[in-house]
Amino acid sequence: MVVALRRWLIGRPIASERAGEERLGKLLALPIFASDALSSVAYATGEIMAALLLAGSNKLFLTFPISLAIVALLAIVATSYRQTIIAYPGGGGAYIVARDNLGIVVAQVAGAALMIDYILTVAVSVSSGVAAIDSLFFVKYGTHVNVVMVCLATVALVTVINLRGVRESGVIFAFPTYAFIAIAVILIGTGLWQYFGHTLQEAHPQAAFAAARVEGHADERVKDMGLFLLLHAFASGCAAMTGVEAISNGVTAFKEPAARNAAKTMIWMASILASIFLGLTFLAVHCNVLPEAAIGFGKETTMSQMGRTILGTGPLYWWLQVATALILVLAANTSFAGFPRLAALIARDNFLPKQLSSVGDRLVYDRGIISLAVLSGTLIWWRRADVHLLIPLYAVGVFLSFTISQTGMVLRWRRLRSPGWRTKAFVNGLGAVATLIVLSVIAYVKFLSGAWLVVLLIPVLVLLFLRIHAHYTSVKQQLAVLPASRSLNKPPPKHVVLVLVPGVTRGAIEAIDYARSLAGDCRAIHIETNPENTPAFRDAWLENCPDVPLVILEAPFRTVVEPLTAYLDEVQRETPNTRVTVVVPEFVAPRWWQNLLHGHTGLVIKLAMLNRKNVVLTNVRYHLEDEKVSLQDMLDMDHDYVEHM
1 MVVALRRWLI
11 GRPIASERAG
21 EERLGKLLAL
31 PIFASDALSS
41 VAYATGEIMA
51 ALLLAGSNKL
61 FLTFPISLAI
71 VALLAIVATS
81 YRQTIIAYPG
91 GGGAYIVARD
101 NLGIVVAQVA
111 GAALMIDYIL
121 TVAVSVSSGV
131 AAIDSLFFVK
141 YGTHVNVVMV
151 CLATVALVTV
161 INLRGVRESG
171 VIFAFPTYAF
181 IAIAVILIGT
191 GLWQYFGHTL
201 QEAHPQAAFA
211 AARVEGHADE
221 RVKDMGLFLL
231 LHAFASGCAA
241 MTGVEAISNG
251 VTAFKEPAAR
261 NAAKTMIWMA
271 SILASIFLGL
281 TFLAVHCNVL
291 PEAAIGFGKE
301 TTMSQMGRTI
311 LGTGPLYWWL
321 QVATALILVL
331 AANTSFAGFP
341 RLAALIARDN
351 FLPKQLSSVG
361 DRLVYDRGII
371 SLAVLSGTLI
381 WWRRADVHLL
391 IPLYAVGVFL
401 SFTISQTGMV
411 LRWRRLRSPG
421 WRTKAFVNGL
431 GAVATLIVLS
441 VIAYVKFLSG
451 AWLVVLLIPV
461 LVLLFLRIHA
471 HYTSVKQQLA
481 VLPASRSLNK
491 PPPKHVVLVL
501 VPGVTRGAIE
511 AIDYARSLAG
521 DCRAIHIETN
531 PENTPAFRDA
541 WLENCPDVPL
551 VILEAPFRTV
561 VEPLTAYLDE
571 VQRETPNTRV
581 TVVVPEFVAP
591 RWWQNLLHGH
601 TGLVIKLAML
611 NRKNVVLTNV
621 RYHLEDEKVS
631 LQDMLDMDHD
641 YVEHM
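Under the working numbering, think of the first position of the sequence shown as 1, with each following residue one higher.
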């Protein structure tokens, strides 16, 4: 049943030779890898305005100039990542660049930052998408949805779709992405037509707009107008740049020539993102739109305000809100495409569990996908799906990975000195400086709002990565060759076989027969959890297996592990050079649900023996037949039982 359910949810296995068919063309790759960047326009403008509103609504006119500066930085970063794609056609983005040019420790910093970024991308995008739906319900019906539960259900849905395979998820998510681009173009075109025709309406009355001010949502340091407030607004608006690195991380998912197709998709994404971001920001300023922080969290998003002001509340408004919600959810899909690949790269370098580098039967890194779903879902539940609480956590990892990647590329150009290396190094160097400034501002301003957690978490993750690597290195060294002290003339260790016998049953007899086939001292072990039954058990044992020594262990607390562990200590203490095999008989019911009706002592013992040296645990299974008991048989058994009583 489990296998059938799995096949229904994610489909049948895909053979390895079909891997090339699962690669993506540019039109399908765009919605998968660019949806995060494209979706950020839904909230980036509001983040700029929320920062400027600390100084009053008369400063909101600076929103558009700041957005121009962000687009300039976007151009630099996108150009830099295009160079990264061409230089590293195997993918990997900031992690691979740092590993090759800055050293293994800095690479782990980049990897930790990117992994946090991907987790937060899922949390922020899904929360923003559900917020758009919540705004729709509020505007139309005056009510709200259960945002947290809808977010968790959405993460589960996106997880299942991604487990079905890269190509299939691309087909599913292509339409919503292009639908969002289309409605954004319609919104911007209609708004500009109204603006130049002097018919553009205001989202809020002029008096309410002029009196608007954000109180209690930021540090006192940024409430006075000045350079720092401008930098704060700039850094907040740089949320529009999140996800830019995703294409460079997933080059291997593109059809051949992979690097060229990925580079073209990067240019497409940056151009579309810049155009929509500037258009929406221009209209937001001239529509008297206010960020959610000014009108009350969860009331109405900036996209919703622009939509109802420019398009009304008819079908186009519904299209805008639904498409916005879908593209924001699709931004999570960018992480589901990037996180598993990044985790697989780090795992192959032995800094994460190796299981994360295994490709599942649908040619995706299914363990990485499931890990991302669990981590992001936990974060959504913890922060109650509040975008403004998640954004401060979000930006630090994004711009740290940007800065590391740009710096690594500068060192690469200086080392290789290929034709045009000075120009390339200048572009990367300029991007490194700009992203470092943004990173510093975000870390300073947002530190007390939650950025401290990411600042703390990154070194913790790096230490964890290094510990994992040390373990794998130790395992490799210990398994590489036989110990130098090992002598071929050394006598083999003695062997004691202990068979656990809860009763004289067919399963126990088969386990004894198996134990006899092993060379060594064979003993039957009975753990006495019910002393009243011991005399009858001893008599039955002497009758059926008189030639196998029986050891009865008292269990005053009715547990199996403690008496067995104590007896093992005694055996190994008496003869130090002894290897012990513990044989556990167990029966297997013919139907899966029937196994749920029985205890699993063997599993408990196995867990208890995991770290015990020179002890081998083996299970001898006795498979029961699928014999049906009729109603008449049960009535006969009941009759016999009554007569016996």
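Beta carbons: idealized from backbone N, C-alpha and C, even for Gly.
{"Asked": "Chain-order list of residues whose beta-carbon lies under 7 Å from that of leucine 200 (same chain, five-residue window excluded)", "Found": "Gly191, Gln194, His286 and Cys287"}
{"Asked": "8 Å Cβ shell around threonine 154 - same chain, five flanking residues per side excluded", "Found": "Val126, Gly129, Val130, Val329 and Ala332"}
{"Asked": "Cα-Cα separation, serine 487 to arginine 579", "Found": "Bear in mind that the predicted position of serine 487 carries a pLDDT of just 49, short of 50, making it too unreliable to give a figure here."}
{"Asked": "Cβ-Cβ distance between isoleucine 525 and leucine 542 below 9 Å", "Found": "no"}
{"Asked": "Residue burial classification, glycine 204 (beta-carbon count within 10 angstroms, cutoff 16)", "Found": "The sequence as given places histidine at residue 204; glycine does not occur at that position. Buried."}
{"Asked": "Member of Met149, Arg414, Val588 and Tyr81 whose CA lies at the smallest distance from the CA of isoleucine 380", "Found": "Met149"}
{"Asked": "Entirely enclosed alpha helix (DSSP H) segments - the region 135-165, minimum 4 residues", "Found": "147-163"}
{"Asked": "Valine 496: first and last residue of the uninterrupted alpha helix (DSSP H) it sits in", "Found": "Here valine 496 belongs to no alpha helix (DSSP H); instead the beta strand (DSSP E) covers 494-500."}
{"Asked": "Residue range of the beta strand (DSSP E) that includes phenylalanine 351", "Found": "Note, phenylalanine 351: premise wrong, no beta strand (DSSP E); not H, not E."}
{"Asked": "Outcome for threonine 397 when other beta-carbon atoms lying within 10 angstroms are tallied against a minimum of 16", "Found": "Sequence check: residue 397 is glycine here, not threonine. Classification for glycine 397: buried."}
{"Asked": "Outcome for threonine 63 when other beta-carbon atoms lying within 10 angstroms are tallied against a minimum of 16", "Found": "buried"}
{"Asked": "Exposure label - phenylalanine 61; buried when at least 16 CB within 10 Å", "Found": "exposed"}
{"Asked": "CB contact flag (glycine 338, tyrosine 118, <9 Å)", "Found": "yes"}
{"Asked": "For serine 517, the nearest candidate out of Phe175, Gly420, Gly431 and Val620 (CA to CA)", "Found": "Val620"}
{"Asked": "Test item: CB-CB of isoleucine 267 and arginine 82 under 9 Å", "Found": "yes"}
{"Asked": "Within-9 Å CB hit, glutamine 305 to chain B", "Found": "Chain labels in this structure do not include chain B; a single protein chain is all it has."}
{"Asked": "Whether threonine 84 touches phenylalanine 336 by CB criterion (9 Å)", "Found": "no"}
{"Asked": "Range covered by the alpha helix (DSSP H) that runs through aspartate 547", "Found": "Element bounds for aspartate 547: n/a, residue is neither H nor E."}
{"Asked": "Length of the line joining the Cα atoms of phenylalanine 651 and glycine 25", "Found": "Look at the range of the chain in this structure, 1 to 645, and you will see that residue 651 is not part of it."}
{"Asked": "Sequence ranges, alpha helix (DSSP H) only - wholly within the region 284-337, length at least 4", "Found": "292-295 and 302-310"}
{"Asked": "Proximity below 9 Å, CB of leucine 564 to CB of isoleucine 527", "Found": "yes"}
{"Asked": "Contact belief for leucine 400 with leucine 439 at Cβ below 8 Å, rounded distance in angstroms", "Found": "6 Å"}
{"Asked": "One or two residues paired with arginine 621 in a DSSP bridge", "Found": "Glu586"}
{"Asked": "Coil, strand or helix - leucine 9 by DSSP", "Found": "helix"}
{"Asked": "Whether arginine 348 touches asparagine 249 by CB criterion (9 Å)", "Found": "no"}
{"Asked": "Of the residues Leu461, Val561 and Pro176, the one placed nearest leucine 28, counting alpha carbons only", "Found": "Pro176"}
{"Asked": "From Leu283, Trp319 and Lys424, residue whose alpha carbon lies closest to that of threonine 309", "Found": "Leu283"}
{"Asked": "Burial state of aspartate 539 (16 or more Cβ within 10 Å)", "Found": "exposed"}
{"Asked": "Phenylalanine 254 (DSSP reduced to helix, strand or coil)", "Found": "strand"}
{"Asked": "Sequence-distant residues of the same chain with beta carbon closer than 7 Å to isoleucine 10, five excluded per side", "Found": "Val160, Leu163, Arg164 and Arg362"}
{"Asked": "Arginine 422: first and last residue of the uninterrupted alpha helix (DSSP H) it sits in", "Found": "421-445"}
{"Asked": "Outcome for tryptophan 413 when other beta-carbon atoms lying within 10 angstroms are tallied against a minimum of 16", "Found": "buried"}
{"Asked": "Nearest neighbour of glycine 520, chosen from Thr601, Leu498, Thr378 and Ala536 [CA to CA]", "Found": "Leu498"}
{"Asked": "Reduced DSSP category for histidine 526 - H, G, I as helix; E, B as strand; rest coil", "Found": "strand"}
{"Asked": "Through-space distance from alanine 78 to lysine 264, alpha-carbon basis", "Found": "11 Å"}
{"Asked": "Bridge partners - leucine 24, DSSP secondary structure assignment", "Found": "Phe254"}
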